Amino acid sequence: MRVRLIKRVFRFVAIACLSSALIWGLAIGYFASRGPTLIKEVEFYDVDGLTTNVLKEQIHPVELSGYSALTYMTLTWNALCQVELHSTITLPRHTRLQDLGELQQKSWKRYLAALRRHEYTHQYHGERAAKEVAANFCIGGHYILGYWMAQTEIFDHKTRHGAKDGVRLDLWTQ
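Numbers given in the numbering used here equal positions in the sequence shown, counted from 1, plus 208.
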């Protein structure tokens with residue numbers, strides 16, 4: 209009689225464990241197969257300088273660690289492998305663009321376009337990290353994140369923070 213009771217308890221515990229594992233497996237599989245949630249924002253800070261020197265002073269604010277633009281990202285995941293990337297790109301916005309000459313306006317727009325491309329590449333690195341973490345069911349997530357953080361550092365080093373790709377401010381040249 210005791211043996212039968214022990215067998216029943218064992219069977220119950222085994223079924224409960226298998227059911228729990230199956231439910232967790234399905235939940236993790238579901239959230240991982242959905243892919244990450246990507247939340248993207250773009251913020252601006254105002255500049256109004258009409259000369260290169262004044263603009264250079266304005267576009268390197270302390271809040272952005274001395275850079276003219278910044279991509280800030282937070283990658284999170286939980287036990288169910290719900291992956292979320294929140295990225296915010298901060299760029300300068302010229303509030304007196306109409307007061308610049310045509311050549312200077314073109315120069316500013318060219319600079320801003322190059323700056324956007326550069327920051328979007330950083331954002332892309334974050335998206336790749338989020339997608340790879342989800343695709344790997346969050347296993348090794350910290351290593352994947354570390355790899356993509358290194359890629360963004362390498363990218364900045366190779367491009368000299370975008371200078372090789374046109375992120376240069378000079379309002380007096382074409």
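Note that CB positions come from ideal geometry on N, CA and C, so glycine has one too.
Remember, predicted model here, so these are calculated numbers, not experimental data.
For residue j and residue i, believed in contact at Cβ under 8 Å, the rounded distance
| i | j | result |
| --- | --- | --- |
| R368 | Y319 | So it is not a contact: roughly 15 Å between Cβ atoms. |
Distance, residue j Cα to residue i Cα
| i | j | result |
| --- | --- | --- |
| H302 | G257 | 8 Å |
| L263 | H365 | 24 Å |
| V341 | Q306 | 45 Å |
| L379 | F252 | 20 Å |
| L311 | A287 | 54 Å |
| E292 | L283 | 6 Å |
| Q290 | T260 | 46 Å |
| A343 | T296 | 23 Å |
| K317 | R242 | 38 Å |
| K415 | M357 | Outside the shown range of the chain, which is 209 to 382, sits residue 415, and nothing can be said about it. |
| F345 | Q331 | 21 Å |
Classification of residue i by the beta-carbon crowding that lies within 10 angstroms, buried from 16 upward
| i | result |
| --- | --- |
| E265 | exposed |
| I267 | buried |
| E327 | buried |
| G349 | buried |
| G370 | buried |
| A321 | exposed |
| G334 | buried |
| I362 | exposed |
| S273 | exposed |
As assigned by DSSP and simplified to three states, the class of residue i
| i | result |
| --- | --- |
| V341 | helix |
| S295 | strand |
| T381 | Note that T381 scores 49 on pLDDT, short of 50, meaning its location in the model is unreliable; the coordinates nonetheless yield the value given after this. Correct three-state label for T381: coil. |
| I247 | strand |
| T284 | strand |
| H268 | coil |
| G274 | coil |
| L308 | coil |
| R376 | coil |
| R368 | coil |
| Q359 | helix |
| I352 | helix |
| Q290 | coil |
Beta-bridge pairing of residue i - partner residues as DSSP gives them
| i | result |
| --- | --- |
| T279 | I297 |
| V255 | H302 |
Chain D within 8 Å of residue i, Cβ atoms only
| i | result |
| --- | --- |
| G257 | The question asks about chain D, but that chain is absent: this structure has only one protein chain. |
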